[in-house]
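The numbering of the sequence shown is the working numbering, which starts it at 842 and goes up by one. Even for Gly, the Cβ is constructed at its ideal location relative to N, Cα and C. Just so we're clear, the structure is a prediction, and the values are computed from it rather than from any experiment.
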Amino acid sequence: MSAATPSRRPRGRNVWPTKKEVAGYFELLRGAAKNGDVDAARHLIDLHERHQRQEAPAR
């Protein structure tokens, strides 16, 4: 097994997805919600609420 070079993504179970991969997953989720998947819609709402909390100013 060769060591990963800085230009390559490391292999393993705990590697974060790329921005492009996340965007693709988000589109899959959105498509499922538009086709009536209630669980997908719930996850989109949850993601939206989490994003809003992160942007809210600290008190």
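Determine the DSSP secondary structure at residue i, reduced to helix, strand or coil.
i, result
"D880", "helix"
"R891", "helix"
"V863", "helix"
"A897", "coil"
"R871", "helix"
On a CA-only basis, which of the options is nearest residue i? Give me that one, please.
i, options, result
"L869", "T859, A881, A897", "A881"
"L888", "A864, P898, G877", "A864"
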